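First up is the structure itself, then whatever we jot down about it.
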Amino acid sequence: MHIPDNYLSPATCAVMVLAVIPVWVVSVKKVAKDMPREKFPLLGIGGAFSFLIMMLNIPLPGGSTGHAVGGTLLAVLLGPYAACISISIALLIQALVFGDGGILSLGANCFNMAFVIPFSGYLIFKLVKDRVTSRTGEYVGLAVASYVAINLAALCAAVEFGIQPLVARDAAGLPLYCPYPLAISIPAMLIPHLAVAGLVEAAFTVAILAFIAKTSPETIFAGSSARLKPLYALLAALVVASPLGLLAAGTAWGEWKVEDIKNVMNGGSALGYVPGGMAKGLDFAAPLRDYTAGGMHGIVGYVVSAILGVAVLVIVFKLLGLLKRGNRARSDA
Amino acid sequence: MRSDVGSHDIPAWLRVRESHQPRPDRGRFVEKSLLSVLGALAALRDRPGMGRSREFLRPELKLASALLMVLLVSVSRSALFLEAAAAFELGCLCLLRGEVIARVLRKVAAAGVFAVAILLPALVLGGGVGVLALCAKVLLAVLAAALLSGTTPWTSIASAFAAFRLPDIFVMTLDMTVKYISLLGGLILDMLYALKLRSVGRDDRKMDSLSAIAGTIFLKSREVAETQYQAMECRCFAGTYRSTRRHGFGLSDMAFAAANLVMVAVFIAFGTGR
Amino acid sequence: MIELHGIGFAYPETTVLAEIGLCVKEGESIALIGPNGSGKSTLLKLICGLVHASAGDYFFDGLPITKARLADAAFAKDFHRRVGFLFQNSDAQLFCGSVYDEIAFGPRQMGLAEDETGGRVDDLIRLFGLERLSGRVPYHLSGGEKRKVALASVLALNPDAICLDEPMGGLDPRTKNTLSDLIQSLNASGKTILCATHDFEYVQGIFERAVVLSKEGRVVRDGPYAEVMADRAFLEAQNII
């Protein structure tokens, strides 16, 4: 569910960052208040744990494997606020070090995975737990909570994707970022999560918690003294505010006009794009020239192409050198 | 009694050689998890060619540049700017060693394949050149991030955050997270190896084994957290986190900064496609 | 049974093992000694197929053991059953819900009937004196108890050869003696034993042979245990005592 860069418009990314900042602030405040200083390393631990959970390949009946996020698990183990911080940190490291998930879209990813999952999972679990008495009932509640939470997050991601064709269009009315509207993005995201990923998440969460409950039941988060109402309020406010914010940003972008397809045919000057020129690293001096009117554009374009050409050559040679060294080492062995 | 074991108590079945036909099973999840964790640990460790003494550029500059490039590329509407961004990034890439280049390009290729797979329907359905441009943007953004992560050990990235005046607790937690990933990651690896070694037949309760490993890691991590803070306090840690930073702005730093400013200029001039 | 010829193992910038040559006959008991960083653990992991050599050949019972070979699931499973490995860190080896289940894990995987599995588990619990702990969660046991459970869980597979990585580390004297006697008995009943160790006073009389690794990861001595251990000057030079 990690959203890479450029699938969401910068405006959407900015809005999502703004949406998740209050969550972070509240979480940090809560954690600082409730957690004694000796337990601060627990945040780093939680982040590491969250990170490692996402690395594990989980066996599914039938032989395939899947991944889990473990957001609800962490919320139940550490509390939703600590879980939010831990998962955010894990996402940051994944984005910066591994390129799992984009840098600009970090806000959106944190919103979906570090806010929606732990908080909704925790709330649903609490709702069930306060109403059932049996152990089995609690585990069922946990399974349901983690299942619903991850699907909610998938829905949020789907909405973030699906509104891109609405909020970010170029002069010809074509989407600039994710090109799939809600009608496509929602089923595309939800179906795999409802059918597979949600079940993996639920099964894994319950299994781990059962192990911990058996081994060291006292480590499970006992539930803070905080009331849940402020949480509900926060969630509700964000749910209402986000689409408004996104729409506003979209309008500010100012590209609502749907232009004729004819403009597209007109040599591309209205578009600002030229096909085929954007693939990585190959010589494309030729296709690029036909849109510029010469002059300043032409000179800059020329310099750029020259740098590009040289860089590509150097890279190719270095890679060849690497191959040769590898072959020689193998033949020596 | 010297020990708790009678010398000749070894049961009969242990004394004979056994021959056994292993039952077929699909145990790929252990392998895949192992590879995943190994890859993660390797990426977080200092690689050959990386490391404080060999840092060519200040990490803050690289971090800022990566952020800048990702942002500009994302916002840009102009083919010329995207080409310029490609020239800049590939220009930086070609200055690196062969192994680093290969590593970076692998990440970019993976992102590219993924992007093409996702966007293919849109392209086929007439999404126009915007979709191709999107692919290009995805590649350029991933390249910018990969250049950062491929040339900068994590400790430097974390201290770069410190240079941006982010709160100490944030930087400390970031640093500790990576340390714990290594620590717990090492334990997870050993446990996965142990599971692999004992997977001599069919495991009908794979989920149990894997979740038990995950659960044990969690419990272990709590133990570590408690001792860690005590250890830090013993060494006079009181809440402020100081990271060692390089002083001085070298020639390479200035050249790199200048190149970034050129990119901004190109963006302003041509980037919005007007 | 185990033959290593010219084995080397290296990470990108460090060589851990170089030019290792070793022949182990079935039923031998070998102590692997060397200073920290000499690659003892790596060698044991290589022998049990966890890591693969970057140079040289490894044969087990005449069969070449390579990465490609071990990619075959059936072969790998059989191999891992025949060569047991006791990790230095017992925590890594224990992940079941009870001591009983931990020891039963291997036999159950092998597909043994539950009563045969139960028989094996009971035998091992008796052997190690773990009767009181049978239903306990391994996570909470003491270091010595964990070590015993870990070894029991390896023995439950009835391996032909057992690799032990610092089995005595961090144990109290009584437990060390127990383990020492046990290893000796296992060897007497035909198991091939390879053991990386520093605890020399507890392993007297167990090992027939000592293989000494240098700091650079090379075999510098390979001979009768008593003879090697008697050469104090050599051991001091190698930073072993």
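Protein chains in written order, with the numbering used here: chain W, 12 to 344; chain B, 345 to 618; chain V, 37 to 277. Ideal Cβ positions, reconstructed from N, Cα and C, are used throughout, including at glycine. Here the structure is a predicted model, which means the values were calculated and not measured.
Between the C-alpha atoms of residue i and residue j, what's the straight-line distance to the nearest angstrom?
i, j, result
"Val170(W)", "His176(V)", "46 Å"
"Pro368(B)", "Ile525(B)", "33 Å"
"Val264(V)", "Val255(V)", "13 Å"
"Lys329(W)", "Ser493(B)", "20 Å"
"Thr262(W)", "Val178(W)", "Since pLDDT at Thr262(W) reaches only 39, below the 50 mark, its modelled position is unreliable, and no value is offered."
"Phe432(B)", "Ile310(W)", "16 Å"
"Asn174(V)", "Pro198(W)", "Residue identity check: residue 174(V) is Pro in the sequence provided, not Asn. Going from the Cα of Pro174(V) to the Cα of Pro198(W) covers about 45 Å."
"Lys140(W)", "Tyr94(V)", "56 Å"
"Arg117(V)", "His364(B)", "9 Å"
"Asp301(W)", "Pro176(W)", "With a pLDDT of only 35 at Asp301(W), under 50, the local geometry of the prediction cannot be trusted, and no value is derived from it."
"Met27(W)", "Leu187(V)", "53 Å"
"Pro91(W)", "Leu166(W)", "20 Å"
"Ser347(B)", "Ser126(V)", "In this predicted model, Ser347(B) has a pLDDT of only 48, less than 50, meaning its place in the structure is not dependable enough to derive any value."
"Val568(B)", "Phe131(V)", "18 Å"
"Ser145(W)", "Leu411(B)", "51 Å"
"Ala194(W)", "Gly112(W)", "23 Å"
"Val349(B)", "Asp217(V)", "Confidence is the limiting factor: at Val349(B) the pLDDT is only 49, short of 50, which leaves the residue's position unreliable, though a coordinate-based value still follows. Cα to Cα, Val349(B) sits roughly 7 Å from Asp217(V)."
"Gly32(V)", "Met146(V)", "Because chain V here runs from 37 to 277, residue 32(V) falls outside it and cannot be looked at."
"Glu150(V)", "Tyr537(B)", "26 Å"
"Arg389(B)", "Ala507(B)", "22 Å"
"Ser280(W)", "Val475(B)", "Unreliable positioning characterises Ser280(W) in this predicted model, as indicated by a pLDDT of 37, which lies under 50. The coordinate reading is nonetheless provided below. Approximately 17 Å between the Cα atoms of the pair."
"Phe458(B)", "Arg359(B)", "55 Å"
"Leu510(B)", "Gly435(B)", "31 Å"
"Leu40(V)", "Ser503(B)", "46 Å"
Are residue i and residue j touching if we call contact CB-CB under 8 Å?
i, j, result
"Ile561(B)", "Leu539(B)", "no"
"Gly70(V)", "Gln220(V)", "no"
"Ala466(B)", "Tyr191(W)", "yes"
"Ile532(B)", "Leu102(W)", "no"
"Leu68(V)", "Leu230(V)", "yes"
"Ala79(W)", "Asp552(B)", "no"
"Ile114(W)", "Ala106(W)", "yes"
"Thr76(W)", "Thr216(W)", "no"
"Pro21(W)", "Leu415(B)", "yes"
"Glu212(W)", "Ile161(W)", "yes"
"Ile43(V)", "Ala91(V)", "yes"
"Pro366(B)", "Gly529(B)", "no"
"Leu554(B)", "Ile69(W)", "yes"
"Leu439(B)", "Asp597(B)", "no"
What residue from the options has the CA that sits closest to residue i's CA?
i, options, result
"Val39(W)", "His13(W), Ser20(W), Thr23(W), Ser99(W)", "Ser99(W)"
"Asp353(B)", "Gly241(V), Ser225(V), Phe270(V)", "Ser225(V)"
"Met413(B)", "Arg359(B), Ala446(B), Glu427(B)", "Glu427(B)"
"Gly155(V)", "Leu68(V), Ala192(V), Leu169(V), Ser134(V)", "Ala192(V)"
"Ile135(W)", "Leu187(W), Leu117(W), Ala86(W), Thr147(W)", "Ala86(W)"
"Asp16(W)", "Ile174(W), Asp181(W), Ser116(W)", "Ser116(W)"
"Ala156(W)", "Leu166(W), Cys167(W), Phe130(W), Asp181(W)", "Phe130(W)"
"Gly332(W)", "Glu567(B), Val444(B), Leu491(B)", "Val444(B)"
"Ala246(V)", "Asp208(V), Ser134(V), Glu64(V), Arg117(V)", "Glu64(V)"
"Asp196(V)", "Asp151(V), Phe96(V), Leu53(V), Ile56(V)", "Phe96(V)"
"Gly58(W)", "Lys406(B), Trp357(B), Leu491(B), Phe514(B)", "Phe514(B)"
"Ile104(W)", "Pro511(B), Ala507(B), Arg542(B), Ala384(B)", "Ala384(B)"
"Gly85(V)", "Phe141(V), Arg268(V), Ala109(V)", "Ala109(V)"
"Ala430(B)", "Gly559(B), Leu487(B), Gly615(B), Ala356(B)", "Leu487(B)"
"Tyr188(W)", "Met520(B), Leu440(B), Leu463(B)", "Leu463(B)"
"Val31(W)", "Ile128(W), Met65(W), His204(W), Ser227(W)", "Ile128(W)"
Which one or two residues does DSSP pair with residue i in a beta bridge?
i, result
"Asp201(V)", "Ala232(V)"
"Leu40(V)", "Leu58(V), Tyr94(V)"
"Ala455(B)", "The partner list for Ala455(B) (beta bridge, DSSP) is empty, contrary to what the question assumes."
"Ile66(V)", "Leu230(V), Arg245(V)"
Is it the case that the segment 595 to 607 of chain B contacts the segment 417 to 424 of chain B, given that we only count it when at least three CB pairs across the two stretches are under 8 Å?
With the cut-off at 8 Å, the segment 417 to 424 of chain B and the segment 595 to 607 of chain B do not touch.
Q) Is the segment 199 to 212 of chain V touching the segment 115 to 129 of chain V, taking contact as three or more C-beta pairs under 8 Å? A) Counting Cβ pairs under 8 Å, three or more are found: they touch.
* To do: Mind the definition here: the segment 475 to 488 of chain B touches the segment 17 to 34 of chain W only if three or more C-beta pairs lie below 8 Å; say whether that holds.
  => yes
Stretch-stretch touch, CB-based, cutoff 8 Å, three pairs: the segment 53 to 65 of chain W with the segment 447 to 465 of chain B
No, they do not touch.
Practice task
Flag this pair as touching only if the segment 180 to 195 of chain W and the segment 152 to 167 of chain W have three or more C-beta atom pairs under 8 Å; answer yes or no.
Solution key: no
Looking at C-beta atoms only, is the number of pairs between the segment 160 to 176 of chain V and the segment 100 to 117 of chain V that lie closer than 8 Å three or more? no
Q.
I want to know whether the segment 45 to 57 of chain V touches the segment 72 to 80 of chain V - three or more CB-CB distances under 8 Å.
A. yes
For the segment 159 to 183 of chain V, list every residue whose C-beta sits within 8 Å of some C-beta in chain A, in sequence order.
Annotation note: the requested chain A is absent from the structure, which comprises protein chains W, B and V.
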